[in-house]
Structures are given as structure tokens and as C-alpha cells.
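Asker: Shown below is the structure under consideration.
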């Protein structure tokens, strides 16, 4: 982890939600290593500011792609635009996310948090699979959160119609992210494409935390106003934005984890995720339900191979922890 900076010159990387916070730092980090970064967001002005900065300050290059992940058609158009411009995709970082104090639904009638945080990356991965497969070796990295540890997947009420809580909805979507990353890893050959998840720790300076519910903001607002120098000195899992971006940059570029797949990382080290995240039956059911929710045809629902022993995922995580 402390060796020379990896060279990603010529690599094409998509970082969703990269106009703010951890996504922005991840995009900058990849560009500093020479990558062509596809900057994604909803705000054109912020996106142009980042692409200009990348072109001006780094050895990489950048292109801006706008899409609202609450709109399924926009996700489809994003994938189509990438496929039209590029013949491969080497890195896909699923970082876009949202949390809402009040319950709301997308135009498709799906609860917004689940749609943006889980279904959008699920669909986008399916649509970009051929570009990932065209890479000599591709990596898919999904942003999770420590809140996934307290969440459960309730298939009878995925949209939380019975009783909505913004933090619980966010935690559930982040557990879905980990389940998706692990199921994707089961279905792919790590010699071609790897899939991992990571938790950035508590990063109070991100837009996601600043725009969370009032209850959450009151609990974290004081930390969010501290300068990075003081945040770094605090005990516990409190990170600056730059520190939160180290794991996705590491997973996207470091040779040490090139063929590592199906793990959850924090601070560039594998850690055990929530017990429910290792349940292959939950992961496969979530996969099928998600495919139905985004209207994927049956023929398009399978990714890669799916004949591995589900218990290997927990075995690999345990072995990795033993080495760390």
C-alpha cells in the first residue's frame, strides 16, 4: 500500500456522483494517476469546474456526463452515451447517493433512496457490462456506509411504505449495495472483472451528510464544521473527505488488489461487513427483485457465471482479515 503511485495512464474510469465530496476526490485522484475520468453528476456548473480542474492540474483528462439517477431513462441514456464515445471501461466507481428526510417516489413509483442508491448502479452495471468486459481487466467499486450494519432487507416492504425513516432507508440501500457487490463478484471471473465495496467511514464534510435529516445533522453538524486538521486528530472512524477517498482510489488502481473480489474495505483494508450481507439467498433474491423493478428482460438479468460456492465469499473475507 505504501509503494509507488500506480500508473493508470490510458485507463477510462467512470466515477458517479463525482461533482462533490468523496466522488470528487476519487475523480481527482484517478486523474492524477493519468486516467481519463468520466465525471458524472447533476449540476453542470460543478461538473465543468471539476473537469476544468482535472485538465488544468493533473496528467489525466476528463469528460462531463449529466444524469439524474432518480430517472431510470436518464441512467439508460448515460450508459448509451458512454458506449457511443468509448470502446471500453476500465474502472466503474458507484458513488452517487442520496438521503431524504421525507419519503418520496420516482416517476416509476419507487422509493427515491432505494432507486438512486441501489437500482441505478444495478442497472448501470448491466448496461456497461460489455464495455467492462472489453477492458483487459476492469474493476467495479461500490460505496457503502457503516449504516449498512444496522439495516435489514425487508422484501415485503422495500419502499418503506409502512413506516419511513430517512436513516433506515439509507442504511437499507447501503446494505443492498454490499449485497450487490458480493453477488456481482460471485457471477464474474476476477481474472477479467472484480467487484468490491468500501465504507468511507464517517465523513461529516460531505454533501450527503450536510443534507441529511435534521436529527442526523444535529448529531453531526458540529463535527462537520471542524477543520480537516482537527478531524484527523479525533479518535474513531471520522475521516476527512480526502481520507474517505483513499479506499476507492486504492481499489481502482493498486496492483495489490487487482484480482481481489467480493470484499468490503475500510481504510484500504478488508473488513467483515454485516452478517446479512453474506447470505447468498438474500443476495440472489435482491438481484431478481431489482431486475424486475428496472424492467430488465429475463435474458439481460444474468451477469457472467453463477456456479460458485456461496460460502467461499465469507471464507475469503475471513482469510483476508487473518492476513491484515
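Residue numbers (the numbering used here): 8 to 331. Every residue gets a Cβ at the ideal spot worked out from N, C-alpha and C, and that includes glycine. What you are looking at is a predicted structure, and each value in this text was computed from that prediction instead of being measured.
1. In whole angstroms, what separates the C-alpha of residue 265 from that of residue 301?
2. Locate the alpha helix (DSSP H) running through residue 146, then write down its first and last residues.
3. Sorted by chain position, which residues of the same chain lie with C-beta nearer than 7 Å to residue 44's C-beta, five sequence neighbours on each side aside?
4. Among all the DSSP beta bridges, which residues are the ones paired with residue 271?
5. Please confirm whether residue 26 and residue 41 have their CB atoms less than 7 Å apart.
6. From residue 75 to residue 288, what distance separates their C-alpha atoms?
7. Rounding to the nearest angstrom, what Cα-Cα distance links residue 310 and residue 51 in this structure?
8. Could you check the C-alpha separation between residue 145 and residue 173 for me, to the nearest Å?
9. Enumerate in chain order the residues of its own chain whose CB-to-CB distance from residue 153 is below 6 Å, with the five nearest sequence positions on each side excluded.
10. In three-state DSSP terms, what is residue 36?
11. Would you decide whether residue 181 is buried or exposed? Buried here means 16 or more other CB atoms lie within 10 Å of its CB.
12. Any idea if residue 157 is buried or exposed, counting beta-carbon neighbours within 10 angstroms, 16 or more meaning buried?
13. Could you check what DSSP says for residue 228 in three-state terms: helix, strand or coil?
14. Counting only the same chain and skipping the five closest in sequence on each side, list residues whose C-beta sits under 7 Å from that of residue 166.
15. Short of 6 Å in beta carbon distance, which residues of its chain neighbour residue 151, apart from the five on each side in sequence? Order them along the chain.
16. Judging by CA-CA distance, which residue of 269, 131, 90 and 262 is the nearest neighbour of residue 194?
17. Determine the DSSP secondary structure at residue 107, reduced to helix, strand or coil.
18. According to DSSP, is residue 45 part of a helix, a strand, or is it coil?
19. Drop a sphere of 10 angstroms on the beta-carbon of residue 168, count the other beta-carbons inside from all chains shown, and report buried for 16 or more, exposed for fewer.
20. Whose C-beta lies closer than 7 Å to the C-beta of residue 115 among residues of the same chain, with five residues either side of it excluded?
21. Within 10 angstroms of its Cβ, does residue 198 collect 16 or more other Cβ (buried), or is it exposed?
22. How is residue 74 classed by DSSP in three states: helix, strand or coil?
23. Applying the 10 Å Cβ sphere with the 16-neighbour rule, what's the burial state of residue 407?
24. According to the Cβ coordinates, are residue 82 and residue 135 closer than 7 Å?
25. Reducing DSSP to helix, strand and coil, say where residue 330 ends up.
26. With DSSP as the reference, label residue 21 as helix, strand or coil.
27. Buried or exposed, going by whether 16 or more other CB atoms sit within 10 Å of the CB of residue 396?
28. Starting from residue 101, follow its DSSP beta bridges and name the residues at the other end.
29. CB residue 170 to CB residue 290, shorter than 7 Å?
30. Could you have a look at residue 252 and say whether DSSP puts it in helix, strand or coil?
Answerer: Let's see:
1. As a working mapping, residue 265 is identified with position 258 in the chain shown. As a working mapping, residue 301 is identified with position 294 in the chain shown. Each residue's alpha carbon lies about 31 Å from the other.
2. Counting from 1 along the chain shown, the entry for residue 146 is found at position 139. Premise fails: residue 146 lies in the beta strand (DSSP E), 145 to 150, not in any alpha helix (DSSP H).
3. As a first step, residue 44 must be located in the chain shown, where it is residue number 37. The residues are 20, 22, 34, 37, 38, 61, 67 and 69.
4. Position 264 of the chain shown, counted from the start, is the residue given in the question as residue 271. Paired residue(s): 204 and 278.
5. Working through the chain shown from its first residue, we reach residue 26 at position 19. Working through the chain shown from its first residue, we reach residue 41 at position 34. Not a contact, by the Cβ cut-off of 7 Å.
6. Indexing the chain shown from 1 puts residue 75 at position 68. Indexing the chain shown from 1 puts residue 288 at position 281. So the alpha carbons of these two residues sit roughly 31 Å apart.
7. Residue mapping note: residue 310 aligns to position 303 of the chain shown, counting from 1. Residue mapping note: residue 51 aligns to position 44 of the chain shown, counting from 1. Each residue's alpha carbon lies about 33 Å from the other.
8. Stepping through the chain shown from its first residue, residue 145 is reached at position 138. Stepping through the chain shown from its first residue, residue 173 is reached at position 166. The alpha-carbon atoms of residue 145 and residue 173 are separated by roughly 34 Å.
9. Here residue 153 corresponds to residue number 146 of the chain shown, with the count starting at 1. Result list for residue 153: 206, in chain order.
10. Numbered from 1 along the chain shown, position 29 holds the residue referred to as residue 36. Reduced to three states, the DSSP call for residue 36 is helix.
11. Here residue 181 refers to the residue found at position 174 of the chain shown. It counts as buried.
12. Position 150 of the chain shown, counted from the first residue, corresponds to residue 157. Residue 157 comes out exposed.
13. As a position in the chain shown, residue 228 is number 221, starting the count at 1. Interpretation of residue 228 is limited by its pLDDT of 48, a score under 50 that renders its predicted location unreliable; the figure taken from the coordinates is listed afterwards. Correct three-state label for residue 228: helix.
14. Here residue 166 is taken as the residue at index 159 of the chain shown, counted from 1. These residues qualify, in order along the chain: 117, 118 and 121.
15. The count along the chain shown starts at 1 and reaches residue 151 at position 144. For residue 151, where only same-chain residues beyond five positions count, the Cβ hits under 6 Å are 181, 184, 185, 204 and 206.
16. Within the chain shown, numbered from 1, the residue matching residue 194 stands at position 187. Nearest option by C-alpha distance: 269.
17. Translated into positions along the chain shown, residue 107 becomes position 100. The answer is coil: DSSP assigns residue 107 none of H, G, I, E or B.
18. Indexing the chain shown from 1 puts residue 45 at position 38. The answer is strand: DSSP assigns residue 45 an E or B state.
19. Residue 168 sits at position 161 when you count from the first residue of the chain shown. Residue 168 is exposed by the Cβ-count criterion.
20. As a first step, residue 115 is located in the chain shown; it is residue number 108 there, counting from the start. Once the five neighbours on either side are set aside, the close Cβ partners of residue 115 are 79.
21. Numbered from its first residue, the chain shown carries residue 198 at position 191. Exposed: under 16 other Cβ atoms inside 10 Å.
22. Locating residue 74 in the chain shown gives position 67, counting from the first residue. If DSSP states are grouped into helix, strand and coil, residue 74 belongs with coil.
23. With the chain covering 8 to 331 only, the question about residue 407 has no answer from this structure.
24. Locating residue 82 in the chain shown gives position 75, where the first residue counts as 1. Locating residue 135 in the chain shown gives position 128, where the first residue counts as 1. Contact flag unset, no.
25. Locating residue 330 in the chain shown gives position 323, counting from the first residue. Because the pLDDT of residue 330 is 47, which lies under 50, any placement of that residue in the model is unreliable, and the number read from its coordinates should be weighed accordingly. Here residue 330 sits in helix by DSSP.
26. Here the question's residue 21 lines up with position 14 in the chain shown. Residue 21: strand per DSSP, three-state reduction.
27. Since the first residue shown for the chain is 8 and the last is 331, residue 396 is missing from the structure and cannot be characterised.
28. Residue numbering aside, residue 101 sits at position 94 when the chain shown is read from its first letter. In the DSSP output, where bridge partners are listed per residue, residue 101 has 149.
29. For the purposes of this step, residue 170 is taken as the residue at position 163 of the chain shown. For the purposes of this step, residue 290 is taken as the residue at position 283 of the chain shown. Not in contact: residue 170 and residue 290 (Cβ atoms no closer than 7 Å).
30. Residue mapping note: residue 252 aligns to position 245 of the chain shown, counting from 1. Note: residue 252 maps to coil in three-state DSSP.
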